[in-house]
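> Below is the structure I would like to discuss, written out as structure tokens.
Residue numbers (this note's numbering), protein chains in the order written: chain A, 6 to 601; chain B, 114 to 432.
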């Protein structure tokens with residue numbers, strides 16, 4: 006269908022001249038499924054109204070203490086130095102961004118007076134700038150007013166390489182300028198369709214210029230404010246013991262009405278996930294515990310007659326098995342899994358497809374993830390508008406066997422397939438972790454039935470995920486045939502998530518294995534689609550491009566998605582938290598309250 | 114005497130240097146990276162990770178890093194935590210009170226149980242009391258603390274709901290309530306550690322007492338007509354305590370070093386939990402500082418044990 010016609014039709018639905026059902030019918034007539042048609046509508050700006058979270062409390066404070074339990078406690082409280090989400094979560098109690106992500110992955114204004122849009126003139130038509138209006142009357146915890154200067158400074162601070170901020174890439178390719186005291190404009194070098202990265206979410210927290218100005222660049226680590234934050238957030242800083250405790254109390258000058266609800270906030274660190282679940286669900290010593298990486302069976306048992314429950318938030322975190330396209334067993338110029346080699350077994354698409362048929366996702370979900378997982382065929386699982394409906398998965402040992410037969414792998418005397426005297430043998434590695442190792446066992450069993458000999462290997466997480474050039478066991482060196490782990494999606498936009506796998510990002514000895522394309526996947530079509538998507542300002546076309554990228558990964562079986570993982574937390578029955586799968590747990594902490 | 118102490122201290126210097134070198138090399142050779150958390154985060158390009166490594170000197174050769182560390186240590190600079198971006202000594206001092214309180218109380222509890230029980234059991238060997246004490250001692254040191262810890266939590270926190278199982282450093286109370294709450298939350302960890310220590314110590318005290326109690330001078334003392342209590346306390350115990358003192362002195366560094374497993378189970382923010390979390394996040398300066406301080410304490414308390422020997426038994430001369 007002509008793009009123009011589609012557009013005018015979406016316009017008609019928007020204005021109410023055509024009803025939704027009629028639109029979907031006409032789409033079906035040209036071969037588009039109903040979900041896809043709905044998706045087009047939502048991208049086109051229909052029914053994308055902001056859904057503010059209901060907040061019943063009618064006065065500030067009076068809610069008593071809020072006790073949070075993070076089994077890995079924050080170790081520092083500067084959002085721009087945060088090495089893990091735990092640090093971002095802790096910093097976010099005190100610092101705030103312009104906007105946070107709500108439960109559905111939409112923007113929710115915090116320090117912004119409004120969310121920029123084309124309609125209110127915030128977004129430039131060419132996609133090269135965005136103008137944010139700052140909420141007037143916001144004060145830092147020390148009483149100084151928040152102005153545009155603080156935002157410009159935050160950009161200068163984070164983008165200075167000498168500061169060694171982890172948020173540097175968020176702020177690197179842009180200029181931030183002050184329009185007036187309460188307006189800033191972000192100028193991008195290239196058209197940037199995903200403009201809501203700087204000053205939004207965890208890395209978006211603005212820091213006070215008057216306290217950090219002297220500590221920009223190489224002196225950044227000496228700033229006393231690194232350990233005693235002064236922000237604009239709902240809670241003011243009281244005490245911090247790295248890895249153990251963060252304490253805050255109600256900010257009487259907070260800029261949102263009737264917020265916050267709690268008088269004090271404690272974030273306790275340490276211990277393990279199971280006992281954290283117990284402290285919230287069973288004994289009620291704490292109100293909220295983060296990241297329940299516990300088997301569903303255990304959680305269900307704890308929840309029986311407990312004082313709390315588990316809550317789930319959907320994001321885009323994907324647990325997958327990645328396939329090595331290069332040969333991990335041949336060394337070329339001192340490098341295994343070199344781009345100059347081809348995997349002797351897995352470069353055959355039929356073998357890869359057979360392997361995908363052997364991953365019993367339903368059993369993995371049932372036996373391991375339970376309520377915390379969704380089976381999927383896609384690598385890209387959110388937000389909804391970017392999710393492909395063209396893919397499917399199934400588990401079938403028969404089909405896999407047939408496919409391997411066709412590929413020339415015949416079952417040998419010992420039950421293991423072979424071809425040209427070579428055994429069908431694969432090394433399957435992952436990080437040491439209960440659920441992952443159980444998944445390995447389930448996959449191995451199915452592979453055995455199909456005549457594939459799978460050798461399992463698990464590597465300690467601190468080694469597996471390290472960037473240590475000397476270590477052969479890192480995920481990026483990929484000295485195995487297949488490997489399993491999870492890649493979190495840290496923002497509700499696929500740009501960063503999908504750009505990892507362009508050919509230029511292949512992990513090699515040359516770039517010290519820092520290229521994020523660890524499967525060493527090379528596909529010109531994929532590269533082109535990513536390049537096109539990154540400057541495409543037409544949101545419909547952009548979404549279609551990312552869906553295409555996902556479908557390419559599926560067609561080529563680069564990844565075998567194991568589970569679309571949900572975010573799981575434990576929460577007291579009376580507590581009403583606002584947790585988004587698209588942001589940090591505490592990204593909407595100002596809206597938390599307790600039901601009387 | 115003072116000459117002896119001085120000589121021992123001088124001998125300690127090269128051994129501490131050797132210890133520090135071994136520790137440093139082992140840590141430097143260990144796999145892992147303090148910034149590995151950043152690796153799977155698509156927001157953080159690998160160059161940032163590389164820049165951080167360079168900034169903290171992780172890419173320098175090992176001998177250079179060791180010399181830097183040694184030089185700083187001599188000047189009283191314990192190093193700088195990669196993960197918390199703060200000074201290591203502040204970090205350690207923050208954790209010390211909880212460790213001293215919990216582990217110290219556990220040691221005292223262990224002594225309070227072990228010495229009377231051990232002594233009494235030795236005065237009546239193979240009696241019913243001795244049998245029972247032995248049985249409990251065997252059970253006590255066969256059960257690892259992670260097991261008794263979980264068992265205690267299940268019984269006293271989950272089922273009976275009497276005691277909290279998350280140790281808190283900021284109790285919101287003052288005066289007597291604060292003291293009571295501090296005691297209440299320490300009961301379980303102190304009991305777990307104390308009983309474990311007491312079990313092995315009871316066996317030790319008993320056998321030390323049995324060795325002495327059969328000696329001729331004890332018979333002589335009894336023959337003089339001294340009462341049982343006086344013989345045991347004044348004549349037997351003083352001599353039997355010599356090996357016990359060594360045992361206690363060598364356990365003192367552990368009081369500062371914390372108990373990794375117990376601290377983890379009860380979330381006590383002590384040195385042990387600092388050590389384990391630093392090891393897990395590859396925060397080498399913290400691991401280095403904690404282990405090195407531990408080594409210094411072991412050397413120091415060895416010396417103290419030797420000096421105490423001379424005081425307890427004047428026949429042992431210190432030369």
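Ideal placement from N, C-alpha and C gives every residue a C-beta, glycine not left out.
Can you tell me where the beta strand (DSSP E) with residue 184 of chain B in it begins and where it stops?
Unbroken run through residue 184 of chain B is the alpha helix (DSSP H), 175-187; no beta strand (DSSP E).
> Spell out the partners DSSP gives residue 317 of chain A in its beta bridges.
Answer by DSSP bridge pairing, in chain order: A:573.
> Between which residues of its own chain and residue 4 of chain A is the CB-CB distance below 7 Å, once the five residues before and five after are set aside?
No answer is possible for residue 4 of chain A: the residues shown for chain A start at 6 and end at 601.
> Whose Cβ in chain B lies nearer than 8 Å to the Cβ of residue 161 of chain A?
Under the 8 Å cutoff, chain B gives no residues; its nearest Cβ is about 17 Å from residue 161 of chain A.
> Jot down the residue ranges of each uninterrupted beta strand (DSSP E) in the segment 450-511 of chain A, minimum 3 residues, whole runs only, in chain order.
Listed in chain order, the complete beta strand (DSSP E) runs (minimum 3 residues) inside the segment 450-511 of chain A are 458-464 and 487-492.
> Note the first and the last residue of the continuous alpha helix (DSSP H) segment covering residue 366 of chain A.
Taken as a continuous stretch (DSSP letters only), the alpha helix (DSSP H) holding residue 366 of chain A covers 366-369.
> Would you say residue 173 of chain A lies against chain B (beta-carbon separation less than 8 Å)?
Closer than 8 Å to some Cβ of chain B, the Cβ of residue 173 of chain A qualifies, so yes.
> Identify each residue in the segment 196-210 of chain B for which the Cβ-Cβ distance to at least one residue of chain A is less than 7 Å, and report them in chain order.
Here the close residues are 196, 197, 198, 199, 204 and 207.
> Under 8 Å Cβ-Cβ, which residues of chain A neighbour residue 162 of chain B?
Those within 8 Å of residue 162 of chain B in chain A are 472 and 519.
> Could you say if the segment 151-168 of chain A and the segment 137-145 of chain B meet the contact criterion of at least three C-beta pairs nearer than 8 Å?
The segment 151-168 of chain A vs the segment 137-145 of chain B: no contact.
> Taking 8 Å as the CB-CB cut-off, is residue 468 of chain A touching chain B?
So, interface residue.
> For the beta strand (DSSP E) containing residue 241 of chain A, list its first residue and its last residue.
Here the beta strand (DSSP E) through residue 241 of chain A covers 240-246.
> Closer than 8 Å, Cβ to any Cβ of chain A: which residues of the segment 266-278 of chain B, in chain order?
Answer in chain order: 266, 270, 271, 274, 277 and 278.
> Under a three-way DSSP split, which group does residue 327 of chain B fall into?
Correct three-state label for residue 327 of chain B: coil.
> Would you decide whether residue 205 of chain B is buried or exposed? Buried here means 16 or more other CB atoms lie within 10 Å of its CB.
Answer is buried; the Cβ neighbour count reaches 16.
> Identify each residue in the segment 389-423 of chain B for which the Cβ-Cβ distance to at least one residue of chain A is less than 9 Å, and report them in chain order.
Against chain A - using a Cβ distance shorter than 9 Å - the residues of the segment 389-423 of chain B are 390, 391, 392, 393, 394, 395 and 396.
> Would you kindly work out how many angstroms separate the C-alpha atoms of residue 256 of chain A and residue 100 of chain A, rounded to a whole number?
Residue 256 of chain A and residue 100 of chain A: Cα-Cα distance of roughly 12 Å.
> So that I know if they touch, is there some Cβ in chain B lying closer than 8 Å to that of residue 273 of chain A?
Answer yes: the Cβ-Cβ gap between residue 273 of chain A and chain B drops below 8 Å somewhere.
> What are the start and end residues of each continuous beta strand (DSSP E) run of 3 or more residues lying completely inside the segment 528-589 of chain A, in chain order?
Whole beta strand (DSSP E) segments, 3+ residues: 564-577.
> Tell me which residues share the same chain as residue 653 of chain A and place their Cβ nearer than 6 Å to its Cβ, disregarding the 5 neighbours each side in the sequence.
No answer is possible for residue 653 of chain A: it lies beyond the span of chain A, which begins at 6 and ends at 601.
> Strictly under 8 Å for the Cβ-Cβ distance: is residue 281 of chain B near chain A by that measure?
Answer yes: the Cβ-Cβ gap between residue 281 of chain B and chain A drops below 8 Å somewhere.
> Within the same chain, show all residues whose beta-carbon is closer than 6 Å to that of residue 493 of chain A, passing over the 5 residues directly before and after it, in chain order.
Contacts found: 322.
> Under 8 Å, do residue 605 of chain A and residue 568 of chain A count as touching if we go by C-beta distance?
Nothing can be reported for residue 605 of chain A, as the shown portion of chain A is limited to 6 through 601.
> Just checking my contact of residue 472 of chain A with residue 162 of chain B at CB under 8 Å: how many whole Å lie between their CB atoms?
Confirmed, Cβ separation roughly 5 Å.
> Could you check whether the segment 557-576 of chain A touches the segment 346-363 of chain A, counting it as contact only if at least three pairs of C-beta atoms, one from each stretch, sit closer than 8 Å?
As far as the Cβ criterion goes, the segment 557-576 of chain A touches the segment 346-363 of chain A, which means the pair count is three or higher.
> In the DSSP assignment, find the unbroken beta strand (DSSP E) run with residue 135 of chain A in it and report its ends.
Taken as a continuous stretch (DSSP letters only), the beta strand (DSSP E) holding residue 135 of chain A covers 134-138.
> Considering only their Cβ atoms, is the gap separating residue 293 of chain A from residue 543 of chain A smaller than 8 Å?
The answer is no: Cβ separation not under 8 Å.
> Could you please give me the residues that DSSP links to residue 293 of chain A through a beta bridge?
DSSP lists A:73 and A:576 as partners of residue 293 of chain A.
> Going by beta carbon distance, what residues of the same chain come within less than 7 Å of residue 344 of chain B, once the five residues before and after it are set aside?
Within the same chain, residue 344 of chain B has close Cβ partners 331, 334 and 335.
> Could you round the C-beta distance between residue 344 of chain A and residue 513 of chain A to whole angstroms and report it? I think they count as a contact, below 8 Å.
So it is a contact: roughly 6 Å between Cβ atoms.
> Can you give the beta carbon distance from residue 280 of chain B to residue 369 of chain B, rounded, assuming they're within the 8 Å contact cut?
No, residue 280 of chain B and residue 369 of chain B are not in contact; Cβ-Cβ is about 18 Å, not under 8 Å.
> How about residue 244 of chain A: is its C-beta nearer than 8 Å to some C-beta of chain B?
Yes, residue 244 of chain A counts as interfacial toward chain B.
> What ranges does the alpha helix (DSSP H) occupy inside the segment 229-283 of chain B, keeping only unbroken runs of at least 4 residues that lie completely in it?
Qualifying alpha helix (DSSP H) stretches, in chain order: 241-255 and 258-265.
> Could you tell me the distance, in whole angstroms, from the CA atom of residue 171 of chain A to the CA atom of residue 423 of chain A?
If I take the Cα positions, the gap works out to 48 Å.
> For residue 208 of chain B, I'd like the list of residues in its chain whose CB is within less than 7 Å of its CB, leaving aside the five on either flank, ordered along the chain.
These residues qualify, in order along the chain: 382, 383, 384 and 387.
> Output, in sequence order along the chain, the residues in the segment 372-387 of chain B whose CB is closer than 9 Å to any CB in chain A.
The residues in question are 376, 377, 378, 379, 380, 381, 382, 386 and 387.
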